[in-house]
Structures are given as structure tokens and as C-alpha cells.
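Structure, as C-alpha cells:
What follows is the structure, encoded as C-alpha cells:
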């Protein structure tokens, strides 16, 4: 059995676990314009859909690259640091720094895309969750 098939199957199982068990039991419902479980359900559905693509796709020969593995591990560390820093420094500063790190890992050099990704993505996320949905995100410590 190919490793890609195992990853696809694990992704489908994880998405199903999220969609049918974890989200219904852990996401509280409050009256508002958007159901708070909408975004977690979309993410779980994407796990299932992308797992199906991975499961059914034709196997591609791949060459293992230690450089790409190190970049992926570094990005995972950056995401972990941002998640741990978020309660201390707030959502917006940690999200802006996370987006800057993601742009650096992607070797993005176009200034308009950098500005859009680093500034507008965190602000847009904050606006949707805090203003539209009324769900709090970690605030600034001062």
C-alpha cells in the first residue's frame, strides 16, 4: 500500500472525527448571523475532500528532499510558536508575524502580495470572527 493512500485515508478519518464527533460536542452554539460551527465544519469537510483526492489520485514518484523536509519542519515550529504566543500578545500581532513567516517560507517577493498577505489576511480574519460572528479572539495585552 502506498504511503499517499495511508495519508489520504487518515485525512478522511480525521475529518470524519472532527465533523461527526468533536465539532458537535465542543463548539457551542450562540444566536448570531453565522453559526459558530460553520468554519470548523468547512475545515473538516476539506480534510475529507482532500483526503479523497489523495486516496484516489494516481501515485506519483517522489524524490525525498531533506531541504524541503527541513523547511516543512521549520514552518511547523513557526506555527506552533505563533499559537503559543497568541494568548500572550494577542491575535493580530501573532497572526501578522505568522503571515510574514509564511511569506518568507514561500519566498514571496512581490510587495503587493506581501502587503496583502501580511496585513489584510489577519485583519480580514479578525473582522469576520470578532465583528461579524461576535466570537472573541485573543486581544492585545495592553
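Numbering (the working numbering), first residue to last: 72 to 213.
Beta carbons: idealized from backbone N, C-alpha and C, even for Gly.
Query, Result
"Buried/exposed call for residue 169, threshold 16 Cβ in 10 Å", "buried"
"Rounded distance between the beta-carbons of residue 85 and residue 118, thought under 8 Å", "6 Å"
"Runs of alpha helix (DSSP H) lying entirely within the stretch 135 to 199, each at least 4 residues, in chain order", "137 to 160, 162 to 176, 182 to 186 and 192 to 197"
"Residue 77 versus residue 212 - alpha carbon distance", "43 Å"
"Cβ-based neighbour list, residue 157, same chain, cut-off 6 Å, excluding 5 preceding and 5 following", "165 and 209"
"Cβ-Cβ distance between residue 137 and residue 163 below 8 Å", "no"
"Three-state secondary structure (DSSP) of residue 98", "coil"
"Neighbourhood of residue 125 by C-beta distance below 8 Å, restricted to the same chain and skipping five residues each side", "75, 76, 78, 79 and 82"
"Nearest to residue 161 (by Cα), restricted to the options 146, 172, 199 and 207", "207"
"Buried versus exposed call for residue 194 [16 or more other C-beta atoms within 10 Å across all chains shown]", "exposed"
"Residue from 142, 167 and 143 whose Cα sits closest to the Cα of residue 154", "167"
"Classification of residue 44 by the beta-carbon crowding that lies within 10 angstroms, buried from 16 upward", "Since the first residue shown for the chain is 72 and the last is 213, residue 44 is missing from the structure and cannot be characterised."
"Top-ranked residue by Cα proximity to residue 129, from 171, 73 and 147", "73"
"8 Å CB neighbourhood of residue 94 in its chain, flanking five on each side removed", "108, 111, 112 and 115"
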